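Trainee: Structure below; questions to follow.
Residue numbers (our numbering): 1 to 267.
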């Protein structure tokens with residue numbers, strides 16, 4: 001028995017050490033990200049404006065061969081500047097200090113607002129399956145919307161153009177660790193998560209996408225943890241990736257937990 005307790009203590013010490021090491025590494029990454037974002041952001045707009053001005057000035061006035069060269073060159077400049085802006089914004093999102101302005105809000109209302117932005121895109125199929133009632137969560141609405149946008153964008157990029165994207169968003173109640181939770185599930189019909197998917201995929205700069213910044217899932221995890229929650233990921237029974245955001249449920253003390261039975265799809 002004594003030997004087993006010693007092993008357990010060593011294991012716990014190792015876990016604690018790993019957590020501290022990860023926190024230090026992420027803090028360093030955050031500082032570096034903030035510095036890079038600041039240095040890169042200022043010249044991007046002038047570069048883009050200069051390329052667009054050249055395009056307007058000379059395109060159509062030059063011989064076809066030279067006009068085609070100007071067209072390709074300015075298009076490359078503008079598109080790469082946009083890619084840099086996306087990366088800078090991702091750096092900024094990750095480096096932003098955790099200062100959420102939280103208040104109790106209805107989770108279904110917030111999720112509906114985000115999904116409505118994707119609803120009109122005929123190329124995307126959305127299914128909403130919400131639990132009964134209106135679960136209240138104490139969150140920064142702007143930050144939580146950003147986390148949901150990141151997951152939806154991640155799903156669409158993973159699916160690509162090989163098939164029509166179908167995304168299922170659902171909520172369900174859960175109880176764990178003497179706490180009532182609401183889980184927000186985002187599942188897709190893409191190729192699923194890679195075999196080696198694990199915690200490292202939630203760390204900065206880990207991505208399998210050629211144009212990915214490797215910050216999308218890191219930002220999601222950071223936002224959810226800022227609100228006392230957690231993120232889990234896996235592959236669905238019928239394929240595709242499935243991400244589960246678990247958030248503390250905000251409700252008056254003594255109020256019975258809602259039924260965990262999901263309501264029929266709202267759309």
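Each residue gets a CB set at the ideal place from its N, CA and C atoms; glycine is no exception.
Computed from a prediction, not measured in an experiment: that's the story for all the values here.
Distance, Cα to Cα, residue 61 vs residue 55?
Mentor: If you take the alpha carbons of residue 61 and residue 55, they lie about 10 Å apart.
Trainee: Nearest-angstrom Cα distance between residue 244 and residue 89?
Mentor: So the two alpha carbons sit approximately 24 Å from each other.
Trainee: For the candidate residues 234, 222, 166 and 159, whose alpha-carbon lies nearest to that of residue 140?
Mentor: For the residues 234, 222, 166 and 159, the minimum Cα distance to residue 140 belongs to 222.
Trainee: Which stretch, first to last residue, makes up the alpha helix (DSSP H) that contains residue 216?
Mentor: It spans 216–226 - the alpha helix (DSSP H) in which residue 216 sits, taken as one unbroken run.
Trainee: By the 10 Å Cβ neighbour count, where 16 or more other Cβ atoms means buried, how is residue 227 classified, buried or exposed?
Mentor: Buried, by the Cβ-count rule.
Trainee: Taking the alpha helix (DSSP H) that residue 155 falls in, what are its first and last residues?
Mentor: Per DSSP, residue 155 belongs to the alpha helix (DSSP H) from 141–159.
Trainee: Using the Cα positions of residue 86 and residue 137, report the straight-line distance between them to the nearest angstrom.
Mentor: Residue 86 and residue 137: Cα-Cα distance of roughly 29 Å.
Trainee: So the candidates are 48, 232 and 250; which of them puts its Cα closest to the Cα of residue 83?
Mentor: Considering only alpha carbons, the answer is 48.
Trainee: Is DSSP giving residue 180 helix, strand or coil here?
Mentor: Correct three-state label for residue 180: strand.
Trainee: By Cβ distance below 6 Å, which residues in the same chain neighbour residue 183 in space, the five residues on each side in sequence not counted?
Mentor: Contacts found: 172, 174, 244 and 246.
Trainee: In chain order, what residues of the same chain have a beta carbon less than 6 Å from the beta carbon of residue 234, not counting five sequence neighbours either side?
Mentor: Around residue 234: 242.
Trainee: In or out: residue 75 buried (at least 16 other Cβ within 10 Å) or exposed?
Mentor: Exposed is the call here.
Trainee: Measuring alpha carbon to alpha carbon, tell me which of 142, 178 and 161 ends up nearest residue 224.
Mentor: Nearest option by C-alpha distance: 142.
Trainee: Whose C-beta lies closer than 6 Å to the C-beta of residue 81 among residues of the same chain, with five residues either side of it excluded?
Mentor: These residues qualify, in order along the chain: 44, 47 and 48.
Trainee: For the alpha helix (DSSP H) that contains residue 113, what are its first and last residues?
Mentor: Per DSSP, residue 113 belongs to the alpha helix (DSSP H) from 107–119.
Trainee: Where does residue 219 land, buried or exposed, given buried means 16+ other C-beta within 10 angstroms?
Mentor: With 16 or more other Cβ atoms within 10 Å, it is buried.
Trainee: Excluding five sequence neighbours on each side, which residues of the same chain lie with their C-beta closer than 6 Å to the C-beta of residue 145?
Mentor: Once the five neighbours on either side are set aside, the close Cβ partners of residue 145 are 114.
Trainee: In the DSSP assignment, find the unbroken beta strand (DSSP E) run with residue 232 in it and report its ends.
Mentor: Start and end: 230–235.
Trainee: What does a CB cutoff of less than 6 Å around residue 236 pick up in its chain, not counting 5 residues either side in sequence?
Mentor: Correct list, in chain order: 187 and 242.
Trainee: Starting from residue 101, trace the beta strand (DSSP E) in both directions and tell me its first and last residue.
Mentor: Taken as a continuous stretch (DSSP letters only), residue 101 belongs to no beta strand (DSSP E), as it is neither H nor E.
Trainee: Which residue wins for smallest C-alpha separation from residue 128, given the options 42, 64, 154 and 111?
Mentor: Nearest of 42, 64, 154 and 111 to residue 128, Cα basis: 111.
Trainee: DSSP three-state label for residue 46, please.
Mentor: Residue 46 falls in the helix class under three-state DSSP.
Trainee: Taking the DSSP output, what are the residues bridged to residue 188?
Mentor: Bridge partners of residue 188: 167.
Trainee: Taking Cβ to Cβ, would you say residue 70 is nearer than 7 Å to residue 59?
Mentor: In contact: residue 70 and residue 59 (Cβ atoms closer than 7 Å).
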